[in-house]
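**Q**
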Amino acid sequence: MTSTDVHTDRRLGWALLAAAIAQIVAPVVQALADVARPGDDSDSLLITPAGWAFSIWSLIYGLALAHAIVTLWRGDGVGKRRFVVDLILLYVGATVWIAVSAAAISWATFLVLAFMTVVAIDAARLAAHTRPAEPAWTTWLARATSGIYAGWVSAAVFLNLGTGVLELDLAEPDDRGWQIALLVVAVVFALAVNSQLPRSPGYAAAVVWALIGIVAAVAGESTTALVIAVAAIVLLAAQTAWQSSRALPD
27 MTSTDVHTDR RLGWALLAAA IAQIVAPVVQ ALADVARPGD DSDSLLITPA GWAFSIWSLI
87 YGLALAHAIV TLWRGDGVGK RRFVVDLILL YVGATVWIAV SAAAISWATF LVLAFMTVVA
147 IDAARLAAHT RPAEPAWTTW LARATSGIYA GWVSAAVFLN LGTGVLELDL AEPDDRGWQI
207 ALLVVAVVFA LAVNSQLPRS PGYAAAVVWA LIGIVAAVAG ESTTALVIAV AAIVLLAAQT
267 AWQSSRALPD
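Have a look at this one:
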């Protein structure tokens, strides 16, 4: 990368920091206002991870804030203006997602989360295919920030799709067939995306975390869902290890 590649417009740096803070403040305001929150209407879904799995948002927000501060301090993100713009759009989307969820309109939250998934994956892809800046840890911070975020929203978007299906009365909550199918599609999607991220193990780690949450939730409830989730964990771990062994050194 040239020095031009790694330089980030300072105004973009401030916008990134503001967006990172906004997405952290939004759920706090939502909790204080005692309104609907993301996931409130997903309890009836078989594929909803155990409640503790959602604690990953603390890590996601922390990484986003740390990366924004480093970007503003050093004048570089992972090096590409498009990467920083992706993150700004992602964080603004997260803030809008919280606001829309307060209205308890599941199909609308799905649309917002789908947008977030697209920009998060693009950011993770850019980070995974960009050689490290100096010092290299700034690039690894960018990869962790974008990869973990992308992995979690890749899982969450299918959960939101499921709640949207229920809200529109397109399926019955007691019918496990379509929910199992949705889980399979989510796994295939995650494997496909992960195949494009050879230097971003955070993506697979976040998806595996979601799957572990699903394993905990479906144990004793659905053997089929349990087997699929466990198999997906093994496949993602093997795929990530294989890609890491084949990836050229940074």
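Residue numbers (the numbering used here): 27 to 276. Just so it is clear, CB atoms sit at the ideal spot from N, CA and C, and this is done for glycine as well. The structure presented is a predicted model; accordingly, all values stated were derived computationally and were not measured.
(1) For the putative contact between F136 and L187, defined by C-beta atoms under 8 Å, what is the C-beta separation to the nearest angstrom?
(2) What are the boundary residues of the alpha helix (DSSP H) that includes A146?
(3) Taking just the CA atoms, how far does I95 sit from V32?
(4) What is the rounded straight-line gap between the Cα of A170 and the Cα of N220?
(5) Out of A150, S226, R108, point me to the one whose CA is closest to A263's CA.
(6) Would you check if the distance between the CB atom of T121 and the CB atom of V179 is smaller than 7 Å?
(7) Helix, strand or coil: how does DSSP classify G246 here?
(8) Candidates W133, V260, A154: which alpha carbon is nearest P224's?
(9) Measure the alpha-carbon distance for R107 versus A197 and round it to whole angstroms.
(10) Measure the Cβ-Cβ separation of V126 and V118 and say whether it is below 7 Å.
(11) Excluding the 5 residues preceding and the 5 following A234 in the sequence, name in chain order all residues of the same chain whose CB lies nearer than 6 Å to its CB.
(12) Please tell me whether G228 and G173 are closer than 7 Å, where the distance is taken between their beta carbons.
(13) Candidates A129, V145, W83: which alpha carbon is nearest L113's?
(14) Pick out whichever of V51, L71, A257 has its Cα sitting closest to the Cα of W123.
(15) Smallest Cα separation from R151: which of W163, A176, A162, A128?
(16) Less than 6 Å between C-beta atoms, sequence neighbours within five positions excluded: which residues of the same chain meet that for W204?
(17) Can you check which of these residues, L115, W133, A162, is closest to D148 by C-alpha distance?
(18) With burial defined as no fewer than 16 other Cβ atoms inside 10 Å of the residue's Cβ, what is the status of P75: buried or exposed?
(19) Do you know how far the Cα of R100 is from the Cα of R157?
(20) To the nearest angstrom, how far is the alpha carbon of L194 from that of S270?
(21) Is the Cβ-Cβ distance between A230 and T266 less than 7 Å?
**A** Let's see:
(1) The residue given as residue 136 occupies position 110 in the sequence shown. The residue given as residue 187 occupies position 161 in the sequence shown. Contact between F136 and L187 holds, with the beta-carbon distance rounding to 5 Å and staying under 8 Å.
(2) On the sequence shown, position 120 is the one that residue 146 refers to. Note, A146: alpha helix (DSSP H), 132-154.
(3) In the sequence shown, counting from the first residue as 1, residue 32 sits at position 6. In the sequence shown, counting from the first residue as 1, residue 95 sits at position 69. Only weak support exists for where V32 lies, its pLDDT of 42 falling under 50; the value from the coordinates is given anyway. Distance between the alpha carbons of V32 and I95: 15 Å.
(4) Residue 170 sits at position 144 when you count from the first residue of the sequence shown. Residue 220 sits at position 194 when you count from the first residue of the sequence shown. Cα-Cα distance, rounded: 14 Å.
(5) Here residue 263 refers to the residue found at position 237 of the sequence shown. For the residues A150, S226, R108, the minimum Cα distance to A263 belongs to S226.
(6) Position 95 of the sequence shown, counted from the start, is the residue given in the question as residue 121. Position 153 of the sequence shown, counted from the start, is the residue given in the question as residue 179. With contacts defined as CB atoms closer than 7 Å, T121 and V179 fail to qualify as a contacting pair.
(7) Residue 246 sits at position 220 when you count from the first residue of the sequence shown. Three-state result, G246: coil.
(8) Along the sequence shown, one-based indexing puts residue 224 at 198. For the residues W133, V260, A154, the minimum Cα distance to P224 belongs to A154.
(9) Counted from its first residue, the sequence shown places residue 107 at position 81. Counted from its first residue, the sequence shown places residue 197 at position 171. Looking at the two C-alpha atoms, the distance is approximately 42 Å.
(10) Numbered from its first residue, the sequence shown carries residue 126 at position 100. Numbered from its first residue, the sequence shown carries residue 118 at position 92. Not closer than 7 Å, so no.
(11) Within the sequence shown, the letter at position 208 stands for residue 234. Checking the displayed sequence, the identity of residue 234 turns out to be Val instead of Ala. Excluding residues within five positions, the ones whose Cβ falls inside 6 Å are I259, L262.
(12) What you label residue 228 is simply residue 202 of the sequence shown in a count that begins at 1. What you label residue 173 is simply residue 147 of the sequence shown in a count that begins at 1. In this structure, G228 sits near G173, with a CB-CB distance shorter than 7 Å.
(13) In the sequence shown, counting from the first residue as 1, residue 113 sits at position 87. The shortest CA-to-CA distance from L113 to any of A129, V145, W83 is the one to V145.
(14) Residue mapping note: residue 123 aligns to position 97 of the sequence shown, counting from 1. Closest by alpha carbon: V51.
(15) The residue you call residue 151 lines up with position 125 of the sequence shown. The shortest Cα separation from R151 among W163, A176, A162, A128 belongs to A176.
(16) Numbered from its first residue, the sequence shown carries residue 204 at position 178. If the five residues before and after W204 are omitted, its C-beta is found closer than 6 Å to the C-beta atoms of A197, all from its own chain and listed in chain order.
(17) By one-based count along the sequence shown, residue 148 stands at place 122. Taking only the C-alpha atoms, the option nearest D148 is L115.
(18) Stepping through the sequence shown from its first residue, residue 75 is reached at position 49. Result: buried.
(19) Indexing the sequence shown from 1 puts residue 157 at position 131. Indexing the sequence shown from 1 puts residue 100 at position 74. Between R157 and R100, the C-alpha separation is close to 17 Å.
(20) Start at 1 with the first residue of the sequence shown, and residue 194 comes out as number 168. Start at 1 with the first residue of the sequence shown, and residue 270 comes out as number 244. A direct Cα-Cα distance of roughly 42 Å separates L194 from S270.
(21) Here the question's residue 230 lines up with position 204 in the sequence shown. Here the question's residue 266 lines up with position 240 in the sequence shown. Yes; because the gap between Cβ atoms is below 7 Å, this pair is in contact.
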